[in-house]
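Colleague: Take a look at the following structure, please.
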Amino acid sequence: MVAPVSNNPVLINPQIPSAPAPNTATTVNLTSTATVPLAPTATKKTVSAETERYTAVQQSLANAKSAVTTAATANTKIDESLKQVRDIATKLADDTLGTKDREKLQADYQKLREDMIKTQDQATVKNGNQKTNLLRDEKALNTATNTRGGQLEIQSSQSAKALALPEKLTSAADAKALLQGSENQVGSLANAEKTTRDTSVRLKKAEANVDQKLETSSAVAKAVQRLETAKNGGVEVSAEREQQRTQALEKARETSQLLKSQFGGLSQTNNSSGSNSLLSLLR
Amino acid sequence: MVQSTKGLERQLLLQRYVELEQAAAQDDVFVILQAVASQRELWVTIRGLLLDEDHPFPSELKSQLLELAEMVLQQLQQPLSDLDVELVLAVDLQLAEGLRSD
Numbered sequence: 001m002v003a004p005v006s007n008n009p010v011l012i013n014p015q016i017p018s019a020p021a022p023n024t025a026t027t028v029n030l031t032s033t034a035t036v037p038l039a040p041t042a043t044k045k046t047v048s049a050e051t052e053r054y055t056a057v058q059q060s061l062a063n064a065k066s067a068v069t070t071a072a073t074a075n076t077k078i079d080e081s082l083k084q085v086r087d088i089a090t091k092l093a094d095d096t097l098g099t100k101d102r103e104k105l106q107a108d109y110q111k112l113r114e115d116m117i118k119t120q121d122q123a124t125v126k127n128g129n130q131k132t133n134l135l136r137d138e139k140a141l142n143t144a145t146n147t148r149g150g151q152l153e154i155q156s157s158q159s160a161k162a163l164a165l166p167e168k169l170t171s172a173a174d175a176k177a178l179l180q181g182s183e184n185q186v187g188s189l190a191n192a193e194k195t196t197r198d199t200s201v202r203l204k205k206a207e208a209n210v211d212q213k214l215e216t217s218s219a220v221a222k223a224v225q226r227l228e229t230a231k232n233g234g235v236e237v238s239a240e241r242e243q244q245r246t247q248a249l250e251k252a253r254e255t256s257q258l259l260k261s262q263f264g265g266l267s268q269t270n271n272s273s274g275s276n277s278l279l280s281l282l283r
Numbered sequence: 001m002v003q004s005t006k007g008l009e010r011q012l013l014l015q016r017y018v019e020l021e022q023a024a025a026q027d028d029v030f031v032i033l034q035a036v037a038s039q040r041e042l043w044v045t046i047r048g049l050l051l052d053e054d055h056p057f058p059s060e061l062k063s064q065l066l067e068l069a070e071m072v073l074q075q076l077q078q079p080l081s082d083l084d085v086e087l088v089l090a091v092d093l094q095l096a097e098g099l100r101s102d
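Here it is as structure tokens:
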């Protein structure tokens, strides 16, 4: 039997703590929660396995969202750099440009190109030992979308370093070639711009897709949890309840107090699978 | 010296707290995105552990932790411009405080 969810009143405190918060704001009776509830053993194993599978799906989707968001941010930055490259190349294409001006613009171009490479590298997101870069990776990212083995494939742009733009624009002719190349010509500015536009469209679609799958997966996981809790004669966990910011902080303080009274930590579980392991996240 | 599980979990919470705090202080969107990704990974894992009915915490504590996890994960779903970093940091810190084993 699962004990009812707490309806303890919470204190309103608009302050955000910048250091470990004082332990004075509790309204919780610690002794009332000190015993471990006994639940029917027969259904427990099924619940554990199922909730663990849903968690693994949500971990996978959360990681995919991080990879997509980071790649989209990098792509936007690259798009801005390409506009500056066009501006510089247009000036460099002028045959009458003085030597000093040309040298300065050439240096500006090289700096922009280096920044683009850096930005491409910054699109890498680390999740445990896995690194994902949806701009440069050669392989697509596969993410689990449900517990039945459903997968969502998120393609990488597989972009070349600096979108294959030339390292230097040493002459007006180089600048003209960069500007005049067609969208299909690798190394042309038009080709780089097209790649960036395509990436933007693709990542927007992927993000919407991941968000939708994440939402569905969370809703399904909650529904399963509700059903299973009800099946065990308990009261459902009110995870959907919207909390005000101040209430959330108060809740965090209350929870901290309750947690202090526990001998063991969060990682106590009978699951043998590593997908939920908290301590494995330690660096 | 061998640390307790609670001590190691506290260390993890503080690691992620510091990562996000330092990221938020920098003017580098990619550093912030990585820190947000790390927070997401942390809180999804915490939620997963607590959804397990085998978990021995009292149900009230589990409910409260799950509510916190949901709230933090909702925050982490927001675009960076809407993300309440201070709130996430405050919750991290409170949880770390609760794991103090002195």
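Chains as they are written, first to last, in this note's numbering: chain A, 1 to 283; chain B, 1 to 102.
Even for Gly, the Cβ is constructed at its ideal location relative to N, Cα and C.
Keep in mind the model is a prediction, meaning the values are calculated, not measured.
Run through the DSSP bridge pairs and tell me what A/Leu112 is partnered with.
Modeller: Per DSSP, none; premise fails for A/Leu112.
Colleague: On the premise that B/Glu19 lies in contact with A/Asn63, defined as a C-beta separation below 8 Å, what is that separation, rounded to the nearest angstrom?
Modeller: Wrong, their Cβ atoms sit about 16 Å apart, outside the cutoff.
Colleague: Which residues of chain A have a Cβ atom closer than 7 Å to the Cβ of B/Val29, listed in chain order?
Modeller: Thr73
Colleague: Should B/Leu95 be labelled buried (16 or more other beta-carbon atoms within 10 Å of its own) or exposed?
Modeller: buried
Colleague: Closer than 9 Å, Cβ to Cβ, to anything on chain A: give me those residues from the stretch 78 to 90 of chain B, in chain order.
Modeller: Pro79, Leu80, Asp84, Glu86, Leu87, Leu89 and Ala90
Colleague: Verify whether the separation of the beta carbon atoms of A/Ala208 and A/Val125 is less than 8 Å.
Modeller: no
Colleague: In chain D, which residues lie less than 9 Å from B/Gln15 when you measure between Cβ atoms?
Modeller: Absent from the structure is chain D; the protein chains it does hold are A and B.
Colleague: I believe A/Gln84 touches A/Leu214 by the beta-carbon criterion, under 8 Å. Please report the beta-carbon distance rounded to the nearest angstrom.
Modeller: 35 Å between Cβ atoms; not a contact.
Colleague: Tell me the residue span of the alpha helix (DSSP H) that contains A/Lys260.
Modeller: Looking at the DSSP string, the run of the alpha helix (DSSP H) that includes A/Lys260 is Arg245 to Lys260.
Colleague: Less than 6 Å between C-beta atoms, sequence neighbours within five positions excluded: which residues of the same chain meet that for A/Leu112?
Modeller: Ser81, Gln84 and Val85
Colleague: Just curious, the beta strand (DSSP E) that A/Ala144 is in, first and last residue?
Modeller: It spans Leu141 to Ala144 - the beta strand (DSSP E) in which A/Ala144 sits, taken as one unbroken run.
Colleague: Taking the straight line between their C-alpha atoms, what separation do you get for A/Arg197 and A/Ile78?
Modeller: 10 Å
Colleague: Look at the alpha carbon of A/Ser123 and the alpha carbon of A/Leu189, and state the distance between them as a whole number of angstroms.
Modeller: Note on residue identity: the sequence assigns Ala, not Ser, to residue 123 of chain A. Looking at the two C-alpha atoms, the distance is approximately 21 Å.
Colleague: Answer yes or no: does any C-beta atom of chain B fall closer than 8 Å to that of A/Arg245?
Modeller: yes
Colleague: For the beta strand (DSSP E) containing A/Glu153, name the first residue and the last one.
Modeller: Gln151 to Ile154
Colleague: Take every Cβ of the stretch 151 to 159 of chain A, pair it with every Cβ of the stretch 170 to 180 of chain A, and state whether three or more of those distances are shorter than 8 Å.
Modeller: no
Colleague: Suppose the cutoff is 7 Å on Cβ atoms and the five residues either side in sequence are ignored; what does the same chain contact list for B/Leu89 look like?
Modeller: Tyr17, Leu20 and Glu21
Colleague: State the DSSP-derived secondary structure class of A/Gln84, mapped to helix, strand or coil.
Modeller: Reduced to three states, the DSSP call for A/Gln84 is helix.
Colleague: If you measure from the beta carbon of B/Glu97 to each beta carbon in chain A, is any gap under 8 Å?
Modeller: yes
Colleague: Given a threshold of 16 other Cβ atoms within 10 Å of its Cβ, counted over all protein chains shown, does A/Leu284 qualify as buried or as exposed?
Modeller: What the structure shows of chain A is the stretch from 1 to 283, and residue 284 of chain A is not part of that stretch, so it cannot be assessed.
Colleague: Between which residues of its own chain and A/Gln106 is the CB-CB distance below 8 Å, once the five residues before and five after are set aside?
Modeller: Leu92, Lys168, Leu169 and Thr170
Colleague: Checking 8 Å against the spacing of the C-beta atoms, do B/Gln11 and A/Thr255 come in under that value?
Modeller: no
Colleague: Does A/Gln130 get closer than 8 Å to chain B when you measure Cβ to Cβ?
Modeller: no
Colleague: Which residues in the same chain as B/Val31 place their Cβ atom closer than 7 Å to its Cβ, once the five residues preceding and following it in sequence are excluded?
Modeller: Correct list, in chain order: Ala23.
Colleague: Is A/Lys126 helix, strand or coil by DSSP?
Modeller: strand
Colleague: Return the chain-ordered list of same chain residues with a C-beta closer than 6 Å to the C-beta of B/Val85, the five sequence neighbours on each side being excluded.
Modeller: Ala24
Colleague: Write down the C-beta distance between B/Gln75 and B/Leu87 rounded to the nearest angstrom, noting that I regard them as a contact closer than 8 Å.
Modeller: 6 Å
Colleague: On the DSSP letters alone, give me the boundaries of the alpha helix (DSSP H) that B/Leu51 sits inside.
Modeller: Val29 to Leu51
Colleague: Provide the residue span of the alpha helix (DSSP H) that contains B/Gly7, from first to last.
Modeller: Thr5 to Ala25
Colleague: Please return the same chain residues whose Cβ sits closer than 6 Å to the Cβ of A/Thr199, not counting the five positions on each side in sequence.
Modeller: Excluding positions up to five away in sequence, the list reads Asn75 and Ser157.
Colleague: With 8 Å set as the bound, which would you pick, yes or no: does the beta-carbon of B/Leu61 sit closer than that to a beta-carbon of chain A?
Modeller: yes
Colleague: So, using beta-carbon positions, are A/Ala89 and A/Leu178 closer together than 8 Å?
Modeller: yes
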